[in-house]
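First residue of the sequence shown? That's 7 in my numbering, and the numbers climb one at a time after it. See below for the structure under consideration.
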Amino acid sequence: MQSIYRIMWAITLAAFLSAQALAPTAQQQFNVALSYSPPYVYPGSIVQLYITIISAQSMSNVYVDINSPFKVLTGSTVQIQQISGGVPATVVAVVQVPLDARPGYYTIKVTAYTLMRAAESSIDIEVLPFDFSALVVPRITAYLPDQPVQLPVFLINPTADYLKARVSINGSAVLQYLNSSLSCDAVIPPRSNSTCFLSFMLPGWLKPGFYNATLSVSFSSLSGYAGSVTFVKSIQLPVISGVDVNIMASPTQPVVIGSPTLISIVIYQGSAAPLQNVTIRVLNGDGVRILGNSVFTIPLLTQIQLPVQLIITKYGGIKIPVEICHYSICTVKYAELFIPSPGVTVNAVFNPPQGYPGSVVQSTFIIATNYTMSNVGVEIRAPFKALTSPSILLPLLAPQSPATINVVFEIPKEVRPGIYPINITVAGAMYTFYYEVLKPEFNVVVTSNPPVAYPGAVVSGNLVVTSPFNAKDLDILLSTPMSLLSPTGYRLPYLPQGQPYAAYVVLQVPEETPPGKYPLTVSVNGVNYTFYVNVGAPNVVIQNVIVTPPRELEGTPMAQVALQVLNTGPVVARNVTIVLLNSTIGRQSYVLDYLPLGRQ
């Protein structure tokens, strides 16, 4: 687009200068100066160009073009509406140096022009060498042998584009941890930073010391403007000796789930030499919540028994995490407890026993136990929509006092018929019940009058829909190849169980419709029910011909002829035309507008 503008301006400028060649006055020139910042430019830098234009005379509509080997982010073409004489005008453009730019000098050229004049200026920008490893900062701490490690890697993006970073680690002290990858990925915002985490395992045979590892890093621009670069960075992983202790725990009183419990934790040294300057901190864990003081400082650890008050919230195997620090070396040990599950019985009653898509189900759960329990959490999950809260906290559950919980579910209309599980979790133990969803068979009846119609007839009838459940948001649609004079559909927000819904149906049989059965389909929430409208045809016959007198003699002036016409078809006959073909006196044809069934 810039080249098109330049060509247009060049043609215009050439025509104008050709016309002005005969003018006696010479045109005044103007100057363009170019500078940039920052003074030191590296791959990935953002460079600001300062373009200064000064003229002895006032100028209008001055255009500025930038020709740069780098991507011009802003100000590639600038229009200055007015420049006053003797007053410098400065515009700013932003250029991005890609990451893969090699060190050296790059020329940027600026052209300013008007309809009659033009000026140029250029500048060489030096791109200096850059150590890309400074953009990657691993946050290294001390590690223990045979320990899973999650190493945070701090990544810096110096460009004005989004960068995708990938970091991989390898070395003799680095092993793959389970199925985790030895690399991590991150997207870094412009001129910002991000962090990705490398997961690996340290071998168990490592002795205390420092071990070399290599980070392989690649930066690539998401838009392509900032280019891409790949480099490596060497790091050292410090390995220290672990804290060797033995730990066990035992309750000092019967454990009541959800209530404060006093636990005795015994810790004693596992190595020949005792540990000095030891800090012990009991932590929260899965199913464990610590109460009160949980930090203990010991000058010398040989053996110690610590009382800890906590709340246990689940049954089965419980692991209490205990952090033990020897000087600045810390490790986490687990004191294990086993809390047997109490005898809990759960029963469920559903009303109705079977449901339909779109119906509402009342669920009643009865929970009984032979063990006193407090703060018992109950959660009910089903593949249906819960209309009441499915999560309940029972403050106390005691023997001989069962708890009753009612939950109302709505079966969505899109649920298919089948058997679905309903799970109830009581104090961490899950019980499963099953509920059957039936096919929504509605009772649909359509009656029509007359039973047999004829072409052009209007047929009226009644539509009655009865639901076997309390149905919500029913869509009733009617379709037929005949002309439907009544509404083609009805929307029922609610239809109680067993209560019929009646609607009036009127349709017309089109003219020239051949005899046969024609469907009338009623769709109730996508389930089709088909009825048929019988269309018959009349059958007109001449039953008898009566001539008066019965015998005609020669010379008789005339005779009277009487015809008996009978409709033997299943429907009425309309517009019956009777024509006498022989010579007659008076009317020769007769039209019967309406001939009922069996009439003559």
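Quick reminder that beta carbons are idealized off the backbone N, C-alpha and C, glycines included. Being a predicted model, the structure only gives us computed values, none of them experimental.
With fewer than 16 other Cβ atoms inside 10 Å of its own Cβ, Leu289 counts as exposed. The C-beta distance from Thr201 to Gly50 rounds to 19 Å, too long to fall under 8 Å, and the pair is not in contact. Excluding five sequence positions before and after Val512, the CB atoms of its chain that fall closer than 6 Å to its own CB belong to Ser466, Leu491, Ser492, given in chain order. Between Tyr42 and Leu134, the C-beta spacing is not below 9 Å. Under DSSP, Ser240 shares a beta bridge with Thr220. Rounded to the nearest whole angstrom, the CA to CA distance from Ala509 to Gly495 is 10 Å. The beta-carbon separation of Thr472 and Asn449, rounded to 4 Å, stays under the 8 Å limit for a contact.
Leu157 sits in a strand when the DSSP states are folded into three classes. In terms of CA proximity to Tyr377, Pro260 leads the group Pro144, Ile114, Pro260, Ile584.
Scanning the stretch 296 to 351 from its first residue to its last, the whole beta strand (DSSP E) runs of 3-plus residues come out as 301 to 307, 309 to 318, 322 to 332, 335 to 345. Put simply, of Gln54, Ile318, Ser174 the residue whose alpha carbon is nearest the alpha carbon of Ser256 is Ile318.
When rounded, the separation of the alpha-carbon atoms in Asp130 and Tyr111 is 6 Å. With distances taken between CA atoms, Leu403 lies nearest to Gly264 out of Ile417, Gly264, Pro389, Leu444. Less than 9 Å separates the beta-carbon of Ile194 from that of Leu169. When beta bridges are read from the DSSP output, Met65 appears opposite Ile89.
Per DSSP, reduced to three states, the secondary structure at Leu228 is coil, with no helix or strand assignment. Three or more Cβ pairs closer than 8 Å define a contact, and the stretch 136 to 148 meets that threshold against the stretch 234 to 248. The DSSP-derived three-state label of Ala433 is coil.
Here Val251 is near Gln275, since their CB atoms are less than 9 Å apart. The C-beta separation of Thr486 from Tyr524 comes to about 7 Å, placing the pair in contact by the 8 Å criterion. With a cutoff of 9 Å on beta-carbon distance, Phe76 and Pro104 are scored as near each other. Leu480: member of the beta strand (DSSP E) spanning 477 to 485, first to last residue. Taking a cut-off of 8 Å for Cβ pairs, the stretch 394 to 408 and the stretch 512 to 521 do not touch, as fewer than three such pairs fall below it. Closest by C-alpha distance to Pro144, out of Tyr69, Leu586, Ser222, Ile86, is Ser222. With a threshold of 16 other beta carbon atoms within 10 Å, Tyr440 falls short and is exposed. Note: Gln368 is bridge-paired with Asn357, Val414 in the DSSP secondary-structure output. A residue is called buried when at least 16 other Cβ atoms come within 10 angstroms of its Cβ; Asp479 does not meet this threshold and is exposed. Looking at the DSSP output, Asp292 sits in no beta bridge, so it has no partner there.
A straight line joining the alpha-carbon of Ile373 with that of Val413 spans about 14 Å.
C-alpha of Gln566 to C-alpha of Ile584: approximately 16 Å in a straight line. Between Thr303 and the set His332, Gly323, Lys325, Tyr321, the nearest pair of CA atoms involves His332. Residues of the same chain with a CB within less than 6 Å of the CB of Leu343, apart from the 5 flanking positions on each side, are Ala255, Ile324 in chain order. Look at Phe203 here: in three-state DSSP terms it is strand. The C-beta separation of Ser61 from Phe36 comes to about 3 Å, placing the pair in contact by the 8 Å criterion.
Of all C-beta pairs linking the stretch 353 to 370 to the stretch 452 to 460, fewer than three are shorter than 8 Å, placing the two stretches out of contact.
Annotation: Val443 to Arg172 spans about 51 Å, alpha carbon to alpha carbon.
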